[in-house]
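When you read off a place in the sequence shown, starting at 1, and then add 7, the result is the number in the working numbering. Don't be surprised by glycine CBs; every beta carbon is placed ideally from N, CA and C. Bear in mind that the values here come from a model prediction, so they are computed numbers and not experimental data. First the structure, in the form of structure tokens, and then the observations on it.
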Amino acid sequence: MNGKDIQQAQGQSPEDRGSSKPASPNPKYVLRIRRIMVPIDFSEYSVSALRYARAFAQHFGASLILLHVNEPTVFPSELGYAPIAAETLDQQLRDDAHNRLKALAAECALEGLKADAEIRVGRPFNEIVTAAQELDADMIIIATHGFTGLTHVLMGSTAERVVRHARCPVLVVRENEREFVAPAAESGEKQRQD
8 MNGKDIQQAQ GQSPEDRGSS KPASPNPKYV LRIRRIMVPI DFSEYSVSAL RYARAFAQHF
68 GASLILLHVN EPTVFPSELG YAPIAAETLD QQLRDDAHNR LKALAAECAL EGLKADAEIR
128 VGRPFNEIVT AAQELDADMI IIATHGFTGL THVLMGSTAE RVVRHARCPV LVVRENEREF
188 VAPAAESGEK QRQD
């Protein structure tokens, strides 16, 4: 049996390959994704994850939760920083992150997507997992920075910890890997060429 025969046996014509159509007209299971959380640290990696999240949200009619986690600022007292200075800096960082998240949410709104901005303070993986549960996220789409070796051992991986502890599915987007998100016009042209 060749690839074409297998696809036809599964109820999928060669023309349907690569499309978002179900393999059979009456699928037994349907994905129900209503809320997608995207942790954003404003790196190029997290912007890539947001691109995936937008595509998923459009496909499923889901809303987005844009989450940024600020780690508390800790200054050694020997440096002479007053606690009030650290609080002021933390508030400035939260305000800046909130404004940047609101701008990303506005971009999503231009595409017809509902996106809420959420700021948390704490350890990123703890806050991501907790927020996903509290905000009833059906899926988390998170970027990984791709650290390996000693850097990975020393810094750990937020994405890895989220995968281990989250109570919902997690899609990890790794930079410089094969992309499957493309602008809609480009996607249609590619399907016609195949």
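Asked                                                                                                                                                                                  : Found
Give me, in chain order, the residues of the same chain whose beta-carbon lies closer than 6 angstroms to that of ALA122; leave out the 5 immediate sequence neighbours on both sides. : LEU71, LEU73, ALA112, CYS115
Going by CA-CA distance only, name the one from GLU167, ARG168, PRO176, THR151 that's closest to GLU51.                                                                                : THR151
VAL169 to PRO34, Cα distance in whole Å?                                                                                                                                               : 30 angstroms
Look at the alpha carbon of GLU182 and the alpha carbon of SER55, and state the distance between them as a whole number of angstroms.                                                  : 7 angstroms
Please determine, among ARG127, ASN133, ALA139, SER164, the residue with the shortest C-alpha to C-alpha distance to VAL76.                                                            : ARG127
Tell me the residue span of the alpha helix (DSSP H) that contains VAL169.                                                                                                             : 165-172
So which of GLU118, THR137, ARG174 has the shortest CA-CA distance to LEU57?                                                                                                           : GLU118
Can you find the residues in the same chain that come closer than 6 angstroms, C-beta to C-beta, to LEU142, ignoring five residues on each side of it along the sequence?              : ILE72
Compute the Euclidean distance between the alpha carbons of GLN99 and GLY129, then round it to the nearest angstrom.                                                                   : 16 angstroms
Can you give the beta carbon distance from ILE147 to CYS175, rounded, assuming they're within the 8 angstroms contact cut?                                                             : 6 angstroms
Is the beta carbon of ALA62 closer than 8 angstroms to that of ASP43?                                                                                                                  : One detail in the question is off: residue 43 reads as Ile in this sequence, not Asp. Result no, Cβ atoms of ILE43 and ALA62 do not sit closer than 8 angstroms.
Report the start-end ranges of each beta strand (DSSP E) in the segment 31-56 that is 3 residues or longer and not cut off at the edges.                                               : 42-46
With a threshold of 16 other CB atoms inside 10 Å of the CB of LEU38, please say whether the residue is buried or exposed.                                                             : exposed
Please report the distance separating the alpha-carbon of ALA138 from that of ASP48.                                                                                                   : 15 angstroms
Excluding the 5 residues preceding and the 5 following ILE40 in the sequence, name in chain order all residues of the same chain whose CB lies nearer than 6 angstroms to its CB.      : PHE67, ALA69, ASP145, MET146
Only counting the same chain, and skipping five residues up and downstream in sequence, which positions put a Cβ closer than 7 angstroms to that of ARG107?                            : PHE49
Would you check if the distance between the CB atom of HIS105 and the CB atom of PHE132 is smaller than 8 angstroms?                                                                   : no
Cutting at 6 angstroms between CB atoms, please list the residues of its own chain near VAL135, excluding the five before and the five after it.                                       : The sequence shown places Ile at residue 135, rather than the Val named in the question. PRO46, VAL169, listed in sequence order.
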